[in-house]
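K.L.:
Counting from 1, one number per residue, gives the positions in the sequence shown under full-length UniProt numbering.
All C-beta atoms, glycine included, are put in the ideal place defined by N, C-alpha and C.
I have a structure here, written as structure tokens, and I will follow up with some questions on it.
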Amino acid sequence: MSGVLLRKWLQQTEGRYISDIPFLFSLFFIILAFGKFMDLFYYLIYFHYNNTLFMIILKIRFILMWLNMIPLFLKTFEVWLFSLSLKDRHILSKKIKTTKLSLNNYLQTTKYKVITLIVTFEILITLLVPNIETISYLIVLAIPSFLLVSWLFYKAYQLKRLHKVNTLMLSIGFLIYSISTITRILWQLIFGRTVLYIFISEISDVMIFAIIFYGLLNRH
């Protein structure tokens, strides 16, 4: 997937930028591949693990997950901030001059600040988790992020932005992934981390990312 998107980016005739969706999602799938490798190692040692090693592996895996949010946020947050720039907003009767976001430099600065704040918070929480029993539930932090990405792609669909990809399909893909994550958490709480759980999780991931990949290769 990453190779196909990277080739698509390199074949662009109108110029190439690291903020282009093919490049960002190529980066997303590369980091995802590293994460899946960590998952495989994690599954192999799950039933006979050393506590310290297991804790380190899980923390690295979650940090990779938070870093993998950055390519998703870079483009979708731009859509969100653009929508805010269309008119000033009011919060508790206080006027917020969001129209300043129509200035590209201000929009980009705000975008990077928000992304840095979110990812730094998630990484700090991961590093501060004290034990194995707690760290497994860090996945809950990812759900709002994936739901936000789903909503922002739907917002892009409504605003007719990011027209080079199928934003509606991407929105559906990340929504399904959010629901899948919630389902997996409930499954693990009720039945534990069984071989069937691992098999279903990985198969569902393949299907969901196939939907997302389709959305990246096809326009509306």
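#1: Based on Cα-Cα distance, which residue from Ile-70, Tyr-42, Ile-56 lies nearest to Leu-24?
#2: Any contact between the segment 168 to 187 and the segment 140 to 158? By contact I mean 3 or more CB pairs, one from each, below 8 Å.
#3: Between the alpha carbons of Asn-104 and Val-79, how many angstroms are there, rounded?
#4: Measuring only from the beta carbon, is Met-1 closer than 7 Å to any heavy atom that is part of the ligand FAD?
#5: Would you kindly check if the distance between the Cβ of Ile-57 and the Cβ of Tyr-43 is under 8 Å?
#6: Since Thr-99 contacts Lys-87 with CB under 8 Å, what's their CB separation in whole angstroms?
#7: Looking at C-beta atoms only, is the number of pairs between the segment 150 to 162 and the segment 6 to 13 that lie closer than 8 Å three or more?
#8: Determine the extent of the alpha helix (DSSP H) in which Arg-61 is found, giving its start and end residues.
#9: Output yes or no for whether 8 Å exceeds the beta carbon distance between Leu-74 and Ile-118.
#10: On a CA-only basis, which of Lys-36, Phe-121, Ala-210, Ser-2 is nearest Leu-170? Give me that one, please.
#11: Please state whether DSSP places Arg-161 in a helix, a strand or coil.
#12: Quick check on Ser-178: does DSSP put it in helix, strand or coil?
P.N.:
Taking the geometry as given:
#1: Ile-70
#2: yes
#3: 12 Å
#4: The ligand FAD is not part of this structure, which contains no ligands at all.
#5: no
#6: 7 Å
#7: no
#8: 51 to 84
#9: no
#10: Ala-210
#11: coil
#12: helix
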